[in-house]
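In the UniProt record's numbering, the protein residues as written are 1 to 338. Yeah, the Cβ is synthetic: ideal placement off N, Cα and C, and Gly gets one too. Read the structure below first, then the notes.
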Amino acid sequence: MRSPKDFFAPLAVGAPDPVREIPVRPSRMIHFFDPGNEKMTAKLPDLASKADVLLGNLEDAVRADRKVAARQGLVALAKNTDFGAAQLWTRINSLDSPWALDDLITLVTEVGDRLDVIMVPKVDGAQDIHYVDRLLAQLEARAGLRRPLLVHAILETASGVANVEEIAGASPRMQGISLGPADLAASRRMKTTRVGGGHPGYLVRSDPAGDDLHAGRTTYQQDLWHYTVARMVDACAANGILPYYGPFGDIRDVVACEDQFRNAFLLGCVGAWTLHPVQIEIARKVFSPSPEDVAWARRVIREMGDGTGAVMIDGKMQDDASVKQCKVVAELADALAA
Ligand code: GLV
Ligand code: MG
Numbered sequence: 001m002r003s004p005k006d007f008f009a010p011l012a013v014g015a016p017d018p019v020r021e022i023p024v025r026p027s028r029m030i031h032f033f034d035p036g037n038e039k040m041t042a043k044l045p046d047l048a049s050k051a052d053v054l055l056g057n058l059e060d061a062v063r064a065d066r067k068v069a070a071r072q073g074l075v076a077l078a079k080n081t082d083f084g085a086a087q088l089w090t091r092i093n094s095l096d097s098p099w100a101l102d103d104l105i106t107l108v109t110e111v112g113d114r115l116d117v118i119m120v121p122k123v124d125g126a127q128d129i130h131y132v133d134r135l136l137a138q139l140e141a142r143a144g145l146r147r148p149l150l151v152h153a154i155l156e157t158a159s160g161v162a163n164v165e166e167i168a169g170a171s172p173r174m175q176g177i178s179l180g181p182a183d184l185a186a187s188r189r190m191k192t193t194r195v196g197g198g199h200p201g202y203l204v205r206s207d208p209a210g211d212d213l214h215a216g217r218t219t220y221q222q223d224l225w226h227y228t229v230a231r232m233v234d235a236c237a238a239n240g241i242l243p244y245y246g247p248f249g250d251i252r253d254v255v256a257c258e259d260q261f262r263n264a265f266l267l268g269c270v271g272a273w274t275l276h277p278v279q280i281e282i283a284r285k286v287f288s289p290s291p292e293d294v295a296w297a298r299r300v301i302r303e304m305g306d307g308t309g310a311v312m313i314d315g316k317m318q319d320d321a322s323v324k325q326c327k328v329v330a331e332l333a334d335a336l337a338a
């Protein structure tokens, strides 16, 4: 069975450690398309040269009366489209819906050899992954597939967040987890109606200068998703799989989208979903380390020699731990350039 480890290359030095391993195949942007929408699918050959991952979405955003058309559209596309270097993923319908079983049976039987990853929405716990895992094993055997399909969970229910560690380790098929801020907000009964991003009401305020509580105070908007992203990153890193930020719904607000993606990148995510071509370029920029950061990382690694001890570089202390931090950046750059 192909394991998530095949998605990683060990670092050149030190003992194997999943936390210090890096992805080989880039997945900086998971670009969503509706396989039943001809206007959208006509753009796929062009998008295949731009996006690391193209995902045929069968779940939310596809109307109930278009589910079968979307599924059949994906089968036809998978058979007839050259996706070049882009990976082809799908998001099936949720396991409590009337469509999930047929999604899996049809897709694995007809185009299982063309798909890389199956994204499963609304995962509540390890039992959901176990169910998909067993079903995939049967369907793969029936279809005579030699390459096991990988599974990606969306973290978008309160139960899922409570069980994220067991979800991350539920099967050797687990490839990664994405934060789904819209469903998660609803599941938690959060009072935001936005799809990802911040909220002007979620803020902290500087102290008052005197008795006037309204005068001259600065407000700082906070990140609604910090806790969940950080928790998801830990669960993924501890299990050697990959964390992703999900959708950012305000397509016009490219500035806040970039901020949200960058927060996720800095916290450890390797990519995000993109819902419009303009977000593909944002994700490419954010999830590829900047030339300045890479140059600095390489300098620290070089000047630290065998990677032990401590040196001062431009007034900043570096030691064994900072070399490990710098290797994360340098080796991500190498992997993306490969
Ligand atoms: C994604 O599926 C979300 O609910 O945000
Ligand atoms: Mg969702």
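- The three-state reading of DSSP puts Ile92 in coil, since its state is none of H, G, I, E or B.
- Taken atom to atom, the span from the alpha-carbon of Thr219 to that of Val161 is near 29 Å.
- Using a Cβ distance threshold of 8 Å, Asn239 and Gly125 do not count as a contacting pair.
- Taking non-hydrogen atoms of the ligand GLV into account, the C-beta of Pro121 is found less than 7 Å away from one of them.
- Relative to the non-hydrogen atoms of the ligand MG, the Cβ of Ala162 never comes closer than 7 Å to any of them.
- Under the three-state reduction of DSSP output, Ser178 falls in the strand class.
- Inside the region 235–310, DSSP marks whole alpha helix (DSSP H) runs of 4 or more residues at positions 254–267, 277–286, 291–303, from first to last along the chain.
- Counting along the chain, Gly56 sits inside no alpha helix (DSSP H); it lies in the beta strand (DSSP E) bounded by residues 53–57.
- Taking a contact to require three or more Cβ pairs closer than 8 Å, the region 260–277 and the region 206–218 do not qualify as touching.
- Asp82 is not a Cβ neighbour of Asn57, given a cutoff of 8 Å.
- The DSSP-derived three-state label of Lys327 is helix.
- Between Val204 and Ser49, the alpha-carbon positions lie close to 43 Å from each other.
- Sorted by chain position, residues whose beta-carbon lies closer than 7 Å to a non-hydrogen atom of the ligand GLV are Asp60, Pro121, Ile154, Glu156, Gly180, Pro181, Ala182, Asp183, Leu184, Val195, Gly196, Gly246, Pro247.
- Assignment of beta strand (DSSP E) within the region 110–192, counting only whole runs of 3 or more residues, yields 117–120, 150–155, 174–179 in chain order.
- When the five nearest sequence neighbours on each side are left out, no beta carbon in the same chain lies closer than 6 Å to the beta carbon of Asp102.
- Following the DSSP letters along the chain, one finds Arg71 inside the alpha helix (DSSP H) bounded by residues 67–80.
- In this structure, Ala297 lies away from Ala321, with their beta-carbon atoms at least 8 Å apart.
- Going by beta carbons, Gly198 and Asp223 fall inside the 8 Å limit.
- With respect to Val151, Val132 sits close: the two C-beta atoms are nearer than 8 Å.
- When Lys324, Arg142, Lys39 are compared, the shortest CA-CA separation from Gly73 is found for Lys39.
- The residues Val329, Leu332, Ala333, in chain order, have a CB closer than 6 Å to that of Pro289 in the same chain once the five nearest residues on each side in sequence are set aside.
- Per DSSP, the beta-bridge partners of Lys316 are Ile313.
- As the crow flies, the alpha-carbon of Ala185 is around 39 Å from that of Ala295.
- In this structure, Leu88 sits near Leu54, with a CB-CB distance shorter than 8 Å.
- Residues Asp52, Leu336 of the same chain have their beta carbon placed closer than 6 Å to that of Pro26, with the five preceding and five following residues left out of the count.
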